[in-house]
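Some notes on the structure that comes next.
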Amino acid sequence: MAISSQSASSVWVPFRILPWFSERPWGCRDLRPWYDQIAEQEKLIGEAWLTGDQCVVASGPHAGQTLGALFAEAPESLLGKAATSNASPLLIKVIFAHEKLSVQVHPDDAMAQKYGDPRGKTECWYVLEAEPGAKVACGLKPGVTLNEVMEGISAGTLENSLNLLDVTPGEMVFVDAGTVHAIWPGAILLETQQNCDLTYRMYDYGRGRELHIKKSLEATRLVTRAGVVSARTLADRTLLMDGDYFCVEQIVTAGSRVSASLRGEDEPMPGLQYLFAADGAARIAGTGFEAVNLPKGGMVAVPAASPGFEVEDLGGLKLIRITPRWPEADR
Ligand SMILES: [Zn+2]
1 MAISSQSASS VWVPFRILPW FSERPWGCRD LRPWYDQIAE QEKLIGEAWL TGDQCVVASG
61 PHAGQTLGAL FAEAPESLLG KAATSNASPL LIKVIFAHEK LSVQVHPDDA MAQKYGDPRG
121 KTECWYVLEA EPGAKVACGL KPGVTLNEVM EGISAGTLEN SLNLLDVTPG EMVFVDAGTV
181 HAIWPGAILL ETQQNCDLTY RMYDYGRGRE LHIKKSLEAT RLVTRAGVVS ARTLADRTLL
241 MDGDYFCVEQ IVTAGSRVSA SLRGEDEPMP GLQYLFAADG AARIAGTGFE AVNLPKGGMV
301 AVPAASPGFE VEDLGGLKLI RITPRWPEAD R
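For what it's worth, our numbering labels the leading residue of the sequence shown as 1, then goes sequentially.
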């Protein structure tokens with residue numbers, strides 16, 4: 001009997017990804033109600049990685065495989081024609097900061113490639129929760145020089161040079177590569193970033209972790225485009241971040257369903273889509289695959305080769321869609 005093309009294409013269907021928890025000295029013990037996760041005695045969890053290479057697929061034909069293995073095996077099925085490599089382009093995390101994170105900076109693509117890495121790190125933070133007065137440090141104050149940054153590092157007064165922003169839930173902060181930044185306690189952030197491991201620590205409050213002062217100064221740009229991004233309201237979605245590397249949108253789910261594949265009639269089918277429930281819960285359903293549940297804090301990937309789908313609001317859903325982008329030079 002001939003194998004129909006239907007069964008071949010239905011291998012690539014929406015799938016749930018399990019979070020992977022990363023211990024950090026500035027983290028929290030108890031991640032509930034976001035995740036049913038409590039750290040072991042004397043340990044702290046800082047980050048829930050939602051699309052890390054080591055994250056495990058929890059549903060569908062690829063259940064049990066890591067996301068990294070899946071990207072290595074079939075980049076075009078996941079990313080579509082835009083695939084320029086067989087690696088995951090985006091790392092999405094939820095950050096739980098109980099204390100200040102280190103003051104740090106990430107390289108841009110050019111600097112990363114100079115030192116043999118494929119890409120730099122531009123990121124953005126969507127504020128899921130924030131206590132009154134919660135702040136992040138984003139960029140240097142106007143007029144601060146590189147010399148003052150160096151003096152601040154050695155004197156332990158670098159914080160005085162940082163531009164502080166108050167954050168409130170629903171806000172988006174853009175942090176392009178080269179921006180000196182630090183996440184402060186009081187907020188829970190959904191971080192979307194280029195899938196890159198390069199963080200240069202400039203100052204760490206004496207916690208004893210390694211600093212990377214020389215490279216951090218090379219990566220630092222005194223003026224960047226970082227800051228709060230104004231949301232743009234469209235008919236069926238709110239554009240939170242429309243960047244060179246990623247697009248982050250809140251999808252309107254008025255009524256109980258969002259139909260088809262979350263695109264306008266004239267828009268082409270997007271490549272890979274990540275669906276995150278910032279609140280409430282959803283079910284992703286369609287023909288040819290078993291429906292996938294999306295709980296609060298959960299992540300579902302919709303491969304480029306997936307059949308159409310519907311998002312069913314199971315109550316109080318706040319749906320965030322994140323899609324990768326490629327800068328012009330890469331195409
Ligand atoms: Zn960062």
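Even for Gly, the Cβ is constructed at its ideal location relative to N, Cα and C.
Using DSSP bridges, identify the partner residues of residue i.
i, result
"Glu171", "Per DSSP, none; premise fails for Glu171."
"Ser153", "The residue you asked about is not Ser; residue 153 is Ile in the sequence shown. Ile153 is not bridged to any residue."
"Gly286", "Phe289"
"Ala48", "Phe21, Val94"
"Met111", "Paired residues: none, contrary to the question."
"Thr233", "Thr238"
"Pro324", "Phe246"
"Met299", "Ile17, Phe276"
"Leu31", "The partner list for Leu31 (beta bridge, DSSP) is empty, contrary to what the question assumes."
"Leu140", "Leu162"
"Asp313", "Ala282"
Look at the Cβ atom of residue i, then the Cβ atom of residue j, and state whether they are nearer than 8 Å.
i, j, result
"Ala177", "Pro107", "yes"
"Cys247", "Asp117", "no"
"Asp279", "Gly308", "no"
"Ile45", "Phe21", "yes"
"Val303", "Leu275", "Note that residue 303 is Pro in the sequence shown, not Val. No, the pair does not count as a contact, with Cβ atoms beyond the cut-off."
"Ile188", "Ile95", "yes"
"Val173", "Cys138", "yes"
"Gly186", "Ala134", "yes"
"Thr157", "Ile322", "no"
"Leu294", "Ala305", "no"
"Phe15", "Val311", "no"
"Arg207", "Pro33", "no"
"Lys100", "Ala182", "yes"
"Thr224", "Thr253", "no"
Shortest alpha-carbon distance to residue i belongs to which of the options?
i, options, result
"Ala87", "Cys124, Cys138, Leu67, Arg321", "Leu67"
"Arg201", "Arg207, Asp244, Ser216", "Ser216"
"Gly227", "Leu91, Pro75, Asp166, Pro327", "Asp166"
"Asp36", "Thr224, Gly298, Ala235", "Gly298"
"Thr238", "Ser22, Ile320, Glu99", "Ile320"
"Ile333", "Arg24, Ala63, Glu47, Ala182", "Limits of the chain in this structure are 1 at one end and 331 at the other, which puts residue 333 out of reach."
"Ser59", "Gln41, Asp30, Lys81, Val13", "Val13"
"Ser10", "Phe289, Ser154, Glu171, Gly206", "Phe289"
"Pro327", "Val223, Thr179, Ala110", "Ala110"
"Leu140", "Leu222, Thr168, Arg24", "Leu222"
"Glu42", "Gly27, Arg32, Trp34, Pro33", "Gly27"
"Gly163", "Val103, Ser85, Gln65", "The sequence given here has Asn at residue 163, not Gly. If we check each option's Cα against that of Asn163, Val103 comes out closest."
"Asn160", "Asp204, Ala130, Val144", "Val144"
Which value, in whole angstroms, describes the spacing of the CA atoms of residue i and residue j?
i, j, result
"Thr233", "Pro61", "36 Å"
"Glu249", "Leu240", "5 Å"
"Lys93", "Thr51", "7 Å"
"Asn147", "Ile213", "13 Å"
"Val136", "Ala69", "34 Å"
"Asp313", "Ala48", "24 Å"
"Thr122", "Gly243", "9 Å"
"Leu78", "Tyr245", "16 Å"
"Gly152", "Pro324", "36 Å"
"Glu171", "Ala277", "16 Å"
"Lys81", "Arg119", "19 Å"
"Ala2", "Ile251", "Its pLDDT being 40, under 50, Ala2 is placed unreliably by the model, and the measurement read from it follows with that caveat. Taking the straight line joining both Cα atoms gives about 40 Å."
"Ala235", "Pro270", "18 Å"
"Asp30", "Ser154", "35 Å"
"Val292", "Ala97", "30 Å"
With three or more beta-carbon pairs closer than 8 Å as the criterion, would you say the stretch 117 to 136 touches the stretch 52 to 59? no
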